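Residue numbers (this note's numbering), protein chains in the order written: chain A, -3 to 273; chain B, -3 to 273; chain C, -3 to 273; chain D, -3 to 273.
Below is one structure, written out as structure tokens; the observations come after it.
There are 4 protein chains.
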Amino acid sequence: MQEAQPLTENILAATIQQRAADSYKGTYGRVTLIGGNRNFGGAIIMASEAAVYSGAGLVTTITDASNQDALHARLPEAMFADITDFDQSRELIKGSDVVVVGPGLGTDDEAAAVLADVFNVIQSDQILVIDGSAITLVAERHLPLPETHLIMTPHQMEWQRLSGIAIDKQTVDWNLAIIDQLDATIVLKSHRTQVYTDNGVYENTIGTPAQATGGMGDTLAGMVGGFTAQFKDTDQAVLAAVYSHSAIAEKLAKTQYVVLPHQIVAQLPQFMKAHEG
Amino acid sequence: MQEAQPLTENILAATIQQRAADSYKGTYGRVTLIGGNRNFGGAIIMASEAAVYSGAGLVTTITDASNQDALHARLPEAMFADITDFDQSRELIKGSDVVVVGPGLGTDDEAAAVLADVFNVIQSDQILVIDGSAITLVAERHLPLPETHLIMTPHQMEWQRLSGIAIDKQTVDWNLAIIDQLDATIVLKSHRTQVYTDNGVYENTIGTPAQATGGMGDTLAGMVGGFTAQFKDTDQAVLAAVYSHSAIAEKLAKTQYVVLPHQIVAQLPQFMKAHEG
Amino acid sequence: MQEAQPLTENILAATIQQRAADSYKGTYGRVTLIGGNRNFGGAIIMASEAAVYSGAGLVTTITDASNQDALHARLPEAMFADITDFDQSRELIKGSDVVVVGPGLGTDDEAAAVLADVFNVIQSDQILVIDGSAITLVAERHLPLPETHLIMTPHQMEWQRLSGIAIDKQTVDWNLAIIDQLDATIVLKSHRTQVYTDNGVYENTIGTPAQATGGMGDTLAGMVGGFTAQFKDTDQAVLAAVYSHSAIAEKLAKTQYVVLPHQIVAQLPQFMKAHEG
Amino acid sequence: MQEAQPLTENILAATIQQRAADSYKGTYGRVTLIGGNRNFGGAIIMASEAAVYSGAGLVTTITDASNQDALHARLPEAMFADITDFDQSRELIKGSDVVVVGPGLGTDDEAAAVLADVFNVIQSDQILVIDGSAITLVAERHLPLPETHLIMTPHQMEWQRLSGIAIDKQTVDWNLAIIDQLDATIVLKSHRTQVYTDNGVYENTIGTPAQATGGMGDTLAGMVGGFTAQFKDTDQAVLAAVYSHSAIAEKLAKTQYVVLPHQIVAQLPQFMKAHEG
């Protein structure tokens, strides 16, 4: 029976590189985030904020047109694209280092069409983060996953839908049996989030119930996008994003009964600076 | 002649539970807030902010479509639904632990139709908070109240409309005579707010005239929603929300001539942490 | 030759009353602000913020429909009404203690129609603050002023248009000759703003060139609305608003090269508390 | 072989004048910023914020109508105009001291039509800052530059498009050969930004890779607009804007892994005050 290794603070200094003096925004990657229907616009906005505040070089948000105003009112640093304009979306995806799809995407036919198009366009040298509704769509519609560097960030119920493993049966061994077929890095979110990588299974030992509120997963997905766009070792980047997310929340929870996702995002630049290698 | 008991700080530690380590967002309840026509969008936004910042697990705001942008610009953590889409609203209500209806809803025929539909859909095991315009609608249109756990939050004029008791006759005895028929927890808002519960009548002894500004009631309604979604004893949750609202305002009023509703909301996570049991 | 008296800090304690414990939002007045066409929405938003943050009980903003989102994204405490809905506007004006008309209103025919309607509806026991574009409209279109408690807040060029007195001829004596006919309190804005009241002429001796930026006048107009809604002696309220506006700016200018209007507004609750009588 | 002189902190005190007591908003110039299509609205918003926070007297933003809400939600101090209303735009340009064109403008035919109209309307006594997409448009469509005080702010790739000099050949001598024909001040952005003026070539020696993120250029363009509107010596104003931008970023980067453009803007009033001459 395999065991998960504890994820420790060491991952931060090992991953978060001091920036080179002659770098430019292109050095830190293009991240495109896709999601946010008319009901769930906040999800893709929070994910986009996480990508920007973690230091991604250029961030574009492909979302329902009704979310354009709120996106720019909160985050003028992100570019906007209309999710119904497939031609524009394809160009943006092609030019990306990392694509995050799913936060607030929804699970209707339009969402499924968007996701299928992402899967068609994405190339094998790109990173694709599949989160939230997109995981449910993959599970429910049996969508074949594209050949690319895949990262999936299900919570336990989404993982049950995807893997067929009931929540109370989600042991490391059972999970690995499925993950070996998926050829993906899996971030299995729970109060002790596990990360399944090619180089082992890690378990987050920090975090706080003050994080138990809507939008936390969207924020983590955006951070995974931002970290993998910047840091070369993708597995490490995922692990560092997971650890940072919980560590910031723990710190805020010392004085807060609930920690809101946007409050974690706001702390990212200071946290990353304090822990760079 | 019955007397109201003073509401004291003890209610906080007795109510605000330390969160269990293995809890998740579902543990803290789904709150759906319904209101905000084209004129009064700010009211439902403030109520929704109060629900999120008090720690509710998942918050959805059903409101006029014209309020979608401002809602997400201020509060990406909330989900949005169009108040004219009754099918979607019904699904959302059914999936809720607590429904708050009324802030900024208005009193026209469309508002009445929304309220009637809420009354039809709500189930007996759910909590329904009726606030603001919704109270006026109930009074003016003689709407029969649904059988559910009812909380109503009238100010004195709204209570006059609902109970038929003129403001200067609103004594505990007279109020109880009506409340016994209503089978509801009543939060009667004044500069000494009273809370009528099955286990007695309580009177708030704190608060400040710096709170005398528009939106305070909307914020309190949202807090009642957030607290009752999280804390098992509903009466205690209502009392703790009322006390917290005034206590935060009192603290801010030490250095502010007027205290704005959104400023109370911003202090909620810190206040609740400082007073958890 | 008459001289203006210096306006001193004494006006603050003489005007800003400690709030009575049993007061409620109605005690602090209903203020309706009218302005903000599609181009100048920021002006009426800043004025509305000033009214809310100075402590007015209830604030409604009548403006172009395209400004609804930004108003509520910044200021959920204000209610919104569509400036093209004259019936609704009339009801709102009738129910107001103070009406502020002009910030960002523009000077086209639609703006003139709005202003004429305000003049028709306003009653003699109400306070009407005429600012910005509305002053230009009165001057250019020779609109007869309504019989009510009038306050006008022209800058020097607007006063030239209205009074016919060239800027370099705007002495106290010449100004008084016109003001006696107008039957209005005049706030003549310059780097040494003068206030012409029935009880004398006052000159502001504080202020800073860091205030020389767009939107300062809109903010002052909103403060005049908020102060006159709350404090019984209208002349004193106007003087206290003028003094507070400059005093806050002076304080901020100690560490800022430019002081933005919204930064003054944010300081109002603390400033007023520190100087209440 | 010519060498660039190092740009030093001395430029600040030499440029940023203490404001005269009797100045008014007109003293600090009218700046009109043009850009922001439906995809890139954040760019013109960030540029406009930079102009306002650096102290420009009056700022108008001509942009796609879909950006109106987000502009005013973030920056009520700016006025808005619809970029498709050429008549209104022409009047606004004519009344400006400084026009900034390009941030988020895009490079399609509509953008080209806007830019051509700016070039037609601008007068020889005005300052025109050409940034971002507008530089690409000039290069790709071989647009003749207008006779006015021109400032262009290309990054290295844009300068390659405009000058024909490949990035690795962009030496001071080669650059000067082209710039002599352009009759423009050139801000050539890289991690060591160079400024080519009539009075010499300067090189920025400060700055931080924490600035390597989208929107930095837009913010600098807005600052160049704000500084040149206020300070008489245009070359000095450009140099002071470039230096201030990097100096603020350096300071923030001491505690932040990434510095976001809007965070630099927020520090401008304090930074300028601390360094005024």
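Even glycine gets a Cβ: it sits at the ideal position worked out from N, Cα and C.
Values in this document were obtained by computation on a predicted structure and should not be read as measured data.
Per-residue contacts from residue i into chain B (C-beta, under 9 Å)
i               : result
Pro2 of chain C : Near Pro2 of chain C there are no residues of chain B at all, since even the closest Cβ is about 25 Å away, more than 9 Å.
Cα-Cα separation, residue i to residue j
i                 : j                 : result
Asp81 of chain B  : Asp83 of chain C  : 28 Å
Glu73 of chain C  : Pro257 of chain B : 8 Å
Tyr239 of chain B : Thr144 of chain B : 24 Å
Thr127 of chain A : Lys90 of chain B  : A quick correction: the sequence has Asp, not Thr, at residue 127 of chain A. So the two alpha carbons sit approximately 26 Å from each other.
Gln226 of chain B : Asp231 of chain C : 51 Å
Ser186 of chain B : Gln259 of chain B : 20 Å
Leu71 of chain D  : Leu178 of chain A : 47 Å
Arg157 of chain A : Pro140 of chain A : 15 Å
Tyr192 of chain A : Leu172 of chain A : 8 Å
Gly100 of chain B : Gly38 of chain B  : 7 Å
Leu184 of chain D : Met75 of chain D  : 30 Å
Asp104 of chain D : Leu29 of chain B  : 43 Å
Ser120 of chain A : Ala109 of chain A : 20 Å
Ile163 of chain B : Ile175 of chain B : 15 Å
Glu5 of chain B   : Arg34 of chain B  : 38 Å
Val234 of chain C : His151 of chain C : 15 Å
Leu8 of chain B   : Tyr49 of chain C  : 30 Å
Thr11 of chain D  : Asn200 of chain B : 59 Å
Residue i: first and last residue of the uninterrupted alpha helix (DSSP H) it sits in
i                 : result
Ala262 of chain B : Pro257 to Ala270
Gly218 of chain C : Met212 to Gln226
Phe115 of chain B : Asp105 to Val117
Gln1 of chain C   : Counting along the chain, Gln1 of chain C falls outside any alpha helix (DSSP H), though it belongs to the beta strand (DSSP E) covering Gln1 to Leu3.
Arg137 of chain D : Ser129 to Arg137
Thr251 of chain C : Careful: Thr251 of chain C lies outside any alpha helix (DSSP H) and carries neither H nor E.
Phe82 of chain D  : Phe82 to Lys90
Asp60 of chain A  : Element bounds for Asp60 of chain A: n/a, residue is neither H nor E.
Ile40 of chain C  : Gly37 to Tyr49
Thr11 of chain D  : Asn6 to Thr11
Partners in chain D for residue i, counting only beta-carbon separations shorter than 8 Å
i                 : result
His258 of chain C : Pro72 and Glu73
Contacts of residue i in chain B (Cβ-Cβ under 8 Å)
i                : result
Lys21 of chain C : Ala208, Thr209, Gly210 and Met212
Reference residue i, options the options, closest by Cα
i                 : options                                   : result
Asp194 of chain C : C:Glu154, C:Gln166 and C:Leu146           : C:Leu146
Gln1 of chain A   : A:Leu111, A:Gly196, A:Lys21 and A:Val27   : A:Gly196
Gln355 of chain D : D:Pro205, D:Gly210 and D:Gly222           : There is simply no residue 355 of chain D to check, as chain D begins at -3 and stops at 273 in what is shown.
Asp78 of chain B  : B:Leu235, B:Met42, B:Ser62 and B:Leu3     : B:Ser62
Val117 of chain D : D:Ser85, D:Thr167 and D:His138            : D:Ser85
Gly213 of chain D : D:Gly160, D:Val255 and D:Tyr24            : D:Val255
Phe223 of chain D : D:Leu264, D:Asp113, D:Glu154 and D:Gly160 : D:Leu264
Val94 of chain A  : A:Ala270, A:Lys247 and A:Val220           : A:Val220
Asp229 of chain A : A:Thr181, A:Thr209 and A:Glu106           : A:Thr181
Gly51 of chain B  : B:Val27, B:Thr57 and B:Gly32              : B:Val27
Under 9 Å from the C-beta of residue i: neighbouring residues of chain C
i                 : result
His241 of chain D : Within chain C, no residue comes near His241 of chain D; the closest Cβ sits about 15 Å away, beyond 9 Å.
Under 8 Å by beta carbon: chain A residues contacting residue i
i                : result
Asp65 of chain D : Asp65 and Ala69
Amino acids of chain B, ordered along the chain, whose beta-carbon sits closer than 7 Å to that of residue i
i                 : result
Glu276 of chain C : Past the edges of chain C, shown from -3 to 273, lies residue 276 of chain C, and the structure says nothing about it.
Ile244 of chain A : By Cβ distance, chain B contributes nothing, its closest Cβ being about 14 Å from Ile244 of chain A, past 7 Å.
Per-residue contacts from residue i into chain C (C-beta, under 8 Å)
i                 : result
Gly37 of chain B  : Gln64, His68, Pro72 and Phe76
Lys187 of chain B : Position check: residue 187 of chain B holds His in this sequence, whereas Lys was assumed. Correct list: Ala17, Asp18, Ser19 and Tyr20.
Unbroken beta strand (DSSP E) run spanning residue i, endpoints
i                 : result
Gln190 of chain D : Gln190 to Thr193
His145 of chain C : His145 to Thr149
Arg26 of chain A  : Arg26 to Ile30
Met22 of chain C  : With the sequence shown as reference, residue 22 of chain C is identified as Gly, and Met is not the correct amino acid for it. Where Gly22 of chain C is concerned, there is no enclosing beta strand (DSSP E), given that its DSSP letter is neither H nor E.
Ile200 of chain C : Going by the sequence as given, residue 200 of chain C is Asn instead of Ile. Gly196 to Asn200 is the extent of the beta strand (DSSP E) around Asn200 of chain C.
Leu71 of chain D  : Taken as a continuous stretch (DSSP letters only), Leu71 of chain D belongs to no beta strand (DSSP E), as it is neither H nor E.
Contacts of residue i in chain A (Cβ-Cβ under 9 Å)
i                 : result
Lys269 of chain B : Ala206, Ala249, Lys250, Thr251, Gln252, Tyr253 and Val254
Where residue i meets chain D, residues with beta-carbon distance less than 7 Å
i                 : result
Gln266 of chain A : Thr251 and Gln252
Tyr192 of chain A : Those do not exist, as Tyr192 of chain A stays about 27 Å from chain D at its closest Cβ, beyond 7 Å.
Handout entry: chain C contacts from the stretch 43 to 57 of chain D (Cβ-Cβ distance under 9 Å)
Key = Residues passing the 9 Å Cβ filter: Val48, Tyr49, Ser50, Gly51, Ala52, Gly53, Leu54, Val55 and Thr56.
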